[in-house]
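Everything below concerns the one structure shown next.
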Amino acid sequence: MNKNHKLTTSFFENTVYEKEKNFTGRENIFPFQIQTPVVTTIVNSIPPSYLSKDFVNLIKEVGESKSKLEEDRLIKVEITKLKKLFSKPKLKPRKRCELVIRALFCELLGNDVEFAHVKAVNSSQESNLFFKRVGYLAASTFLHSNQKLFLLMINTIQKDLKSTSPIVVCSALITITKLITPEFIPAVLPKVLELLSHEDKTIRKKAVAAMYTFLLKDPKSLDLGIDDFKRVLCDQDPSVMGAALDIFLLLAKTNPRLIKSQIPTICSILKQVIEGRLNKDFDYHQIHAPWIQIKILKILGYLGQDDLKASKEMYNIIIETTKKAEIGFLNGITAACGIMYECIRTITKIYPEQKLLNAASEEVGKFVTSSSNNLRYLGITALIHLVKAHPEAAVKHQIVIVECLDDPDETLRRNTISLLFEITNSTNIVFILQKMLTYLKTVTDLDHKKDLVTRMVKLSEDYAIDTKWFVSTINSIMELAGSLVPRDVVYNVMRLIAEGTEDDEDEDEDEKEEEENIELKKFAAQEYAEMLLSEQILPDMSFRLIIWVIGEYSYLCKDEFPIKDLMLAICLLVEKPNITDQTRAICFTALTKMVAQSGIIPEEVDDLVDKYSNSRSTDIQQRCYELRGILANTDIIDEILPPDASNEDLDFDIDLSFLNEYVQMALQNGAKPYITKEQRIQMENESLLAGLEGKKERGLRFEAYQIKSSVTTNMAVNGPSKSIYDVKTTENVNNSRFVNETQNEFSLAPNLGGSNLNKWSTSGYSGFQDENESDESDNETTNTTTTTTTTQKNTSAFSEMTGFGSSDINSNQSNTNTNTNNNMNNVNVVPNFVEQPKQKIIVPKKPRKTKEEKKREKVANLLFGGEKVKTRKKKPRKTVNQTNKIVTNSTNITPKNTVQKRKTFNQQQQNIMTMNKTNKQEQFNNNNNNMNNNMNNTNNNQDVNLINFEMFSSNTNTNTTTSTTKTSTTNMNQNNSQVPDLMDIFGGSGGGNSGMMNTQTTNILGQTPNTTSNNQNLGGGGGFGSFDFLNNQQSLIQTHQLFGNFNQDYINVKSKSTNEPAVLLNDGTLSCKFIKLYAKDQLIVLVELQNIANNNATDIAITIDYQNAMKTVMTTDPVQQVLSNGQINVGRIASNGKQNFKFVMSLKENQNTFFSTTSINFRLSYRDPNEQTHFHLIQIPINIGDCLRPKEMLTQQFGSKWNQTQIEKQFNLMNMSNIKSIKDFVTLAKKILHLFEIQIIGKEVIMCSNILGNENLICLFHGMITDNYREHPSISCKLKTNNNSLAECIRKFSLKEFKK
Amino acid sequence: MIKFILIVNKLGQTRLAQYYTTGLSINKRVALENEITRRCLSRKDKECSFLEFRDLKVIYRRYASLFFLVGVDEEENELGILEFIHCLVETLDRYFENVCELDLMFNIDKAYMILDEMALNGNIIETNKKNIIAPLHIIDQVSKKLK
């Protein structure tokens, strides 16, 4: 067996074979390989005597194993054996050493041998040279992943550095180079410095290597001057000098100035080397110390970079080295080829010198024309460097380059493609791109493919010969690797098609250009129509482009491709399972446009619209309704969807100057002026400094908001001055939000609201609210948003181009036409946009509407519920490279139009104000009705999950309104300008002074008790609110009911004891926080992810473990959808916490299982900049308290329930230090178990709650203070439920929580 | 700079692996080795001895049943490394006297020590075979006394 094994494993067992191989395979590359030692056919491997028989057998078996699997199996057995052996007490050093070697072997084969780590460290502490060396060796291999143990070794290393045995000192030095961490450098540094002048050259060499390690790991630890480095460089031993060159190379890269003075020394060393003055032992295949030559050339390259003076010093020696190497090169010595290649690299790197460049170009020729692929590869690489300084170089070798492109060798092809990128210009771009496309087909490596696509796109952008070519090139790239094409590029193509070529020259060519542009559009439409009809499977992004273009320009190619066919093809596409909702949404917009353009609406489209009107995606729903709406009003089609208008400007008044009058009026009436963001931040800082003791409570306010009825009354009383309230109100709302934003905490709410979740909220259209938020954060959005409010042109295509965020706004915008109630919201918007009170006030002119204006208004009202003024202006054409073109120039607005706009807006403003004056209360009611209707609608759509979220978002909306009205009253007190709206819940500040609020509210309540009961809409909720107020108790329930004012639904927020988001994870790179929101029938968990490091973490992915109870999972980012397996591919999150990624999970009761859930789990993985992947399993704890909801009930009801309910649990809370009276207990119980307080009688209380609104899972609670003999009272609790495990859960939970 | 030196046989079984970068977990390491080996094994004799893999350049050389692979960064001289591999093989051959796969397995500790003498910190530090082998002979004298 042994012999047999030898025959297959010996490297040189067969000289003939080796020779043959050399002469066939690598004839020209390695002619010197045959010089390798004489090979005998019979080789006997004798295992070393210190290895046990056991291990020798294992090695033999492993050696004979035919596959990795078999090998793995053997090693698994060995590891179990080793574990046993290692655990034996009193291991003899010799045995231990052997075991460590065995462990080393197992580790090598890819197994974790953590159990051996300490033993390896122990072995290094032996005095026996061999044991010590093996110990060090194993430790330095093992401890790469377990550096804590290095601490145990540092002592031994220090001792060994002082040893008299060179081997021991060297072992210690080698270990230092492998394991030292910056904090331990000082511990060994002095000794290592000493060893630099040790008499033994091996020790000196290793010490130099250790110095290199120090320099690499912590450059500051060394405070050495150039002389210290020079001393080691000029060491008489070539090996030490060779090692010192590594230090110089490192310095040349990091601190070239330090060693520039040494160029002559370095050059003279190189001269000595090439003249063969080193010991003959350093020759390698007749070449003098090739690696030292290469190192020096590299150093020179760095030192001469961009430095003429330094470069001049080295020109001669480089020429000389090249000449010497050339001799070896011609003899086919690989090492000489290596030196020559390095010479070329150095020449291209240093300050260019024509003579050298010519020489290099000539040498490159020798490389690329070689028959060896290795040399050709290096020739191409050298060319890549050379063409930058010497562009003609490539031209000489073009034939070879083309040959290399078609070479079967993948590495060579790949490198040649890289060269092509360097030599591309506008004349060869067509050919080169063609070649690259061919190559792209063959690439399988995804990383490489991605890189390639990016570079190809860049090239075609930079050197595009014309737009038509550009479009078709991008199309071809997308067909091959569509998913890798950056999104920007796709939008660019859309824009390009829409706008045509750029030509700034004279106007005369306009017409010709126009023709060309139409030609381009037609061409694109034809291309894409063909692609669409071919029904090939393309990536999502490509579909979006195709659909958009067809939607816009299908009429241009209707002769070749009947529009009906295209519409049907789009219908087919919509139904395909593998496209995303965004693409579907774009499909519907395209259909809308096509219907508008052609006037035909095929049955299939009709059916599809019907079907998707009930879609889960609100965006799609929206677009379907839009399509329906437009069909119903065919006369406005031309107005809203004129053909080919995507590139026309939408004019808008950025300053919203038409509102100045309104603002001014408000100011005169006593409203607060607008405070800019900067001022707000400053104010916030000042107030923080001023009152640290009056520490503002952040997060949720627990005291009640004033119920709305009182406000209504107030207004009725104050009659004429109502509008003042409005202004104050909105300002305050905005202020408080801004403060929150500057706090920069867990501001999930704005995004929840801002995403496409809440376009249809219970209060109707909520788009304006969103816009307020985006306004603050993003200027671009502001502009688009403003567009929405003021203009009505063909925004849909426009915003599609700008991204999804704006496409949401787009749909919001048209949403308005169905909802006339948004005037209310309009009021909120106003002060937000008007940033400058100082702005000139424009006196309104009496609206004298012309016929045309009226018509426009009609259209506008139909569409937006408001009005707008349109001006269409041809946009200046843009270059291909421009990506962000959303921001339009406000100077485009002609004075005439502005006036028009003002007129109409003033008109509207008046409307609003009248509404406010007379109709406020009614509007609230309307609002509420609307909400209910909306909810019902959605209910009918069988989309239960969606409602939850819509309700949720509507709450956000509603809540803001609530605070709005409330603040108006608070304001009278001038005490509390910060109003907590739902934002506060997410960790903003603005908690405000709760006591003050409370009294305030109570007062008002006292004044207006009747209103409360009279108002039907506020009915129950309001009643309970006041009930709680009168008890003057802060409780969660108040908040519930407050939020419940509008739609009987409530939200309460709590996360642990604080109301701030709890941190789940913070590993220095990613920070993950969560917060729980308690809705009536569900638990909503919001998770926010932030990248807090200053590096990018990439490939972030989240996988959520779905549970029975989990109903909905969605992200707030419309782009990052949750996949069906619970995965969210987040990708990248901007560093330094600049960007948040959030997702929401909602949990509902499901088959009585939810309350036993203990946690929601998800996995988070990401790759750090070092390409390391991190995994985290994250658990969000859920307790029974999170699932309990207060259940209102009367005492009598409680009594009858108590008798009906079977399961009873009793427990005592003993010696409660935090409870003094039954009221304290009730407060605590409300907080912990969310119980509804039914009645307190003496020392007893009855309370009730249920699980997430489920009437079948009720919890009846009876508590009594029983024992006053102790220091603190005890409470005897009885609870009854109809589920045993629920009762047990609550009991355990209470015992735990009440004690805290 | 050298990132790793790897010796695998034609079945893809690792026979020696030395890494000069820290922080690579064992699982990652195994995956990397498998992937690189797979790619190297699939290459033909006539094709060049270099392989671009992620941000690495792998330079490999085959000797009978064993593949020697060296992963380097962009800056390293490919031919220099190619010759370094050969120098390593020559050294192993001189030390083991006609080295074969089994020698490396039996003397895994010695093989590592030879590597340590030739390269540190990912730099080629010694190519003089006499200098490389001298310390090993001293250690051998000690280890041979062990029974």
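So the protein sequences, as listed, match chains H and L.
Using this note's numbering, read the first sequence as starting at 1 and increasing by one per residue.
Using this note's numbering, read the second sequence as starting at 10001 and increasing by one per residue.
Every residue gets a Cβ at the ideal spot worked out from N, C-alpha and C, and that includes glycine.
Being a predicted model, the structure only gives us computed values, none of them experimental.
Practice prompt. Report buried or exposed for L/Ile10139, applying the criterion of at least 16 other Cβ atoms within 10 angstroms of its Cβ.
Written response: Taking the second sequence and counting its residues from 1, the one referred to as residue 10139 of chain L is at position 139. By the neighbour-count rule (16 or more Cβ atoms within 10 Å), L/Ile10139 is buried.
Item to complete: Sort H/Ile1180, H/Pro1181, H/Ser1165 by Cα distance to H/His1174 and report the nearest one.
Response: The residue you call residue 1174 of chain H lines up with position 1174 of the first sequence. Residue H/Ser1165 is the option with its Cα nearest to H/His1174.
Practice prompt. Taking 8 Å as the cut-off, decide whether the C-beta atoms of H/Asp1314 and H/Arg204 are in contact.
Written response: Summary: the structure shown does not reach residue 1314 of chain H, with chain H confined to residues 1 through 1300, and so no result is reported for it.
Worksheet item: Any C-beta of chain L sitting closer than 8 Å to the C-beta of H/Ile101?
Response: Numbered from its first residue, the first sequence carries residue 101 of chain H at position 101. Yes, its Cβ sits closer than 8 Å to a Cβ of chain L.
Worksheet item: At least one CB of chain L closer than 8 Å to the CB of H/Phe86: is that the case?
Response: Residue mapping note: residue 86 of chain H aligns to position 86 of the first sequence, counting from 1. H/Phe86 does not count as touching chain L.
Worksheet item: Hey, how far is the Cα of H/Val609 from the Cα of H/Val595?
Response: In the first sequence, counting from the first residue as 1, residue 609 of chain H sits at position 609. In the first sequence, counting from the first residue as 1, residue 595 of chain H sits at position 595. The alpha-carbon of H/Val609 is positioned some 12 Å away from that of H/Val595.
Practice prompt. Run down chain L in chain order and give the residues with a C-beta less than 8 Å from the C-beta of H/Leu378.
Written response: For the purposes of this step, residue 378 of chain H is taken as the residue at position 378 of the first sequence. Within chain L, the residues near H/Leu378 are Glu10078, Leu10079.
Discussion item. Just to confirm, is the Cβ distance from L/Arg10015 to L/Leu10104 under 8 Å?
Written reply: In the second sequence, counting from the first residue as 1, residue 10015 of chain L sits at position 15. In the second sequence, counting from the first residue as 1, residue 10104 of chain L sits at position 104. Contact flag set, yes.
Worksheet item: For the alpha helix (DSSP H) that H/Leu89 lies in, which residues bound it at each end?
Response: Walking along the first sequence from the start, residue 89 of chain H turns up at place 89. With the sequence shown as reference, residue 89 of chain H is identified as Pro, and Leu is not the correct amino acid for it. Going by DSSP, H/Pro89 is part of no alpha helix (DSSP H) at all; its letter is neither H nor E.
Worksheet item: Using a threshold of 7 Å, is the CB atom of L/Tyr10019 nearer than that to any non-hydrogen atom of the ligand MG?
Response: As presented, the structure is devoid of all ligands, the ligand MG included, so that no description of it is given.
Discussion item. In whole angstroms, give me the CA-to-CA distance for H/Leu1295 and H/Leu1213.
Written reply: Working through the first sequence from its first residue, we reach residue 1295 of chain H at position 1295. Working through the first sequence from its first residue, we reach residue 1213 of chain H at position 1213. Take the alpha-carbon of H/Leu1295 and the one of H/Leu1213: they are about 7 Å apart.
Worksheet item: Taking C-alpha atoms, which residue in L/Ile10114, L/Arg10061, L/Phe10084 lies nearest to H/Phe282?
Response: As a position in the first sequence, residue 282 of chain H is number 282, starting the count at 1. Among L/Ile10114, L/Arg10061, L/Phe10084, the Cα nearest to that of H/Phe282 is on L/Phe10084.
Discussion item. Within a Cβ cutoff of 6 Å, which residues of the same chain sit near L/Asn10128, ignoring the five residues on either side of it in sequence?
Written reply: As a first step, residue 10128 of chain L must be located in the second sequence, where it is residue number 128. Residues of the same chain with their beta carbon placed closer than 6 Å to that of L/Asn10128 are lacking, with the five preceding and five following residues left out of the count.
Worksheet item: Do you know how far the Cα of H/Pro89 is from the Cα of H/Gln1210?
Response: Residue 1210 of chain H sits at position 1210 when you count from the first residue of the first sequence. Residue 89 of chain H sits at position 89 when you count from the first residue of the first sequence. Using only the alpha carbons, I get a separation of about 54 Å.
Worksheet item: To the nearest whole angstrom, what separates the beta carbons of H/Gln1090 and H/Ile1133, a pair I think is in contact under 8 Å?
Response: Counting from 1 along the first sequence, the entry for residue 1090 of chain H is found at position 1090. Counting from 1 along the first sequence, the entry for residue 1133 of chain H is found at position 1133. In this structure H/Gln1090 touches H/Ile1133 by the C-beta definition: roughly 7 Å separates them, less than 8 Å.
Worksheet item: Would you call H/Leu688 buried or exposed, if buried means 16 or more other Cβ atoms sit within 10 Å of its Cβ?
Response: Taking the first sequence and counting its residues from 1, the one referred to as residue 688 of chain H is at position 688. Here H/Leu688 is exposed. Its C-beta has fewer than 16 other C-beta atoms within 10 Å.
Worksheet item: What's the C-alpha gap between L/Asn10204 and L/Ala10119?
Response: Past the edges of chain L, shown from 10001 to 10147, lies residue 10204 of chain L, and the structure says nothing about it.
Worksheet entry | L/Ile10133 at chain H interface by Cβ criterion, 8 Å | Within the second sequence, residue 10133 of chain L is the residue found at index 133, counting from 1. Taking 8 Å as the threshold, the shortest C-beta distance from L/Ile10133 to chain H does not fall below it.
Worksheet entry | Cβ neighbours of H/Pro391 in the same chain (closer than 8 Å, five flanking residues each side left out) | In the first sequence, the residue the question calls residue 391 of chain H occupies position 391. Only Ile423 meet the Cβ criterion.
Worksheet item: What does DSSP give as the partner residues of H/Lys159 in its beta bridges?
Response: As a first step, residue 159 of chain H is located in the first sequence; it is residue number 159 there, counting from the start. Looking at the DSSP output, H/Lys159 shares a beta bridge with no other residue.
Discussion item. Let me confirm a value: L/Gly10080 is counted as buried when at least 16 other C-beta atoms fall within 10 Å, else exposed. Which label applies?
Written reply: Indexing the second sequence from 1 puts residue 10080 of chain L at position 80. Around the beta carbon of L/Gly10080, 16 or more other beta carbons lie within 10 angstroms, which makes this residue buried.
Item to complete: Within the same chain, show all residues whose beta-carbon is closer than 7 Å to that of H/Leu568, passing over the 5 residues directly before and after it, in chain order.
Response: Here the question's residue 568 of chain H lines up with position 568 in the first sequence. Around H/Leu568: Pro602, Glu604.
Fill in: Unbroken alpha helix (DSSP H) run spanning H/Tyr491, endpoints
Translated into positions along the first sequence, residue 491 of chain H becomes position 491. It spans 487–499 - the alpha helix (DSSP H) in which H/Tyr491 sits, taken as one unbroken run.
Discussion item. Within 8 Å of any Cβ in chain H, is that where the Cβ of L/Phe10067 sits?
Written reply: The residue you call residue 10067 of chain L lines up with position 67 of the second sequence. Chain H, which has no Cβ nearer than 8 Å to the Cβ of L/Phe10067, makes this no.
Item to complete: Could you tell me whether the Cβ of H/His117 comes closer than 8 Å to any Cβ of chain L?
Response: Position 117 of the first sequence, counting from 1, holds the residue named residue 117 of chain H. Taking Cβ atoms only, chain L never reaches closer than 8 Å to H/His117, which makes this a no.
Discussion item. Please report whether the beta-carbon of L/Glu10052 lies at a distance below 8 Å from any beta-carbon of chain H.
Written reply: Here residue 10052 of chain L refers to the residue found at position 52 when the second sequence is read from its first residue. Yes, its Cβ sits closer than 8 Å to a Cβ of chain H.
Item to complete: Can you give me, in chain order, the residues of the segment 318–341 of chain H that have a beta carbon less than 7 Å from any beta carbon in chain L?
Response: Against chain L - using a Cβ distance shorter than 7 Å - the residues of the segment 318–341 of chain H are Thr334, Ala335, Cys337, Gly338, Tyr341.
Item to complete: Within the same chain, show all residues whose beta-carbon is closer than 6 Å to that of H/Ile1258, passing over the 5 residues directly before and after it, in chain order.
Response: Counting from 1 along the first sequence, the entry for residue 1258 of chain H is found at position 1258. Asn1250.
Worksheet item: Comparing the C-beta of L/Phe10004 with each C-beta of chain H, is any distance below 8 Å?
Response: Here residue 10004 of chain L refers to the residue found at position 4 when the second sequence is read from its first residue. For L/Phe10004, the answer is no, since every Cβ of chain H falls outside 8 Å of its Cβ.
Item to complete: Excluding the 5 residues preceding and the 5 following H/Leu566 in the sequence, name in chain order all residues of the same chain whose CB lies nearer than 8 Å to its CB.
Response: Position 566 of the first sequence, counting from 1, holds the residue named residue 566 of chain H. Answer for H/Leu566: Ala529, Leu532, Leu533, Ile550, Ser554, Met594, listed in chain order.
Item to complete: Could you tell me whether the Cβ atoms of H/Ile344 and H/Ala325 are closer together than 8 Å?
Response: On the first sequence, residue 344 of chain H is found 344 positions in, with the first residue counted as 1. On the first sequence, residue 325 of chain H is found 325 positions in, with the first residue counted as 1. Cβ distance not < 8 Å, so H/Ile344 and H/Ala325 don't count as in contact.
Worksheet item: If you measure beta-carbon to beta-carbon, which residues of the segment 10106–10129 of chain L are closer than 7 Å to chain H?
Response: Only those residues of the segment 10106–10129 of chain L whose C-beta falls short of 7 Å from the nearest C-beta of chain H are listed: Phe10106, Asn10107, Ile10108, Asp10109, Tyr10112, Met10113, Asp10116, Leu10120, Asn10121, Asn10123, Ile10124, Ile10125, Glu10126, Thr10127, Asn10128.
Item to complete: Using 10 angstroms around the beta-carbon of H/Val400, count the other beta-carbons present and answer buried if the total reaches 16, otherwise exposed.
Response: Reading the first sequence from its first residue, position 400 is the one you call residue 400 of chain H. With at least 16 other beta carbons inside 10 angstroms of its own, H/Val400 counts as buried.
Worksheet item: By a C-beta neighbour count over all protein chains shown, 10 Å radius and 16 as the cutoff for buried, is H/Asp462 buried or exposed?
Response: Locating residue 462 of chain H in the first sequence gives position 462, counting from the first residue. That one is exposed.
Practice prompt. Taking 8 Å as the threshold, find out whether the segment 293–300 of chain H comes into contact with the segment 239–250 of chain H through three or more Cβ pairs.
Written response: Counting Cβ pairs under 8 Å, three or more are found: they touch.
Practice prompt. Could you please tell me which residues of the segment 1246–1262 of chain H, in chain order, have their CB closer than 7 Å to any CB of chain L?
Written response: Hits within the stretch: zero.
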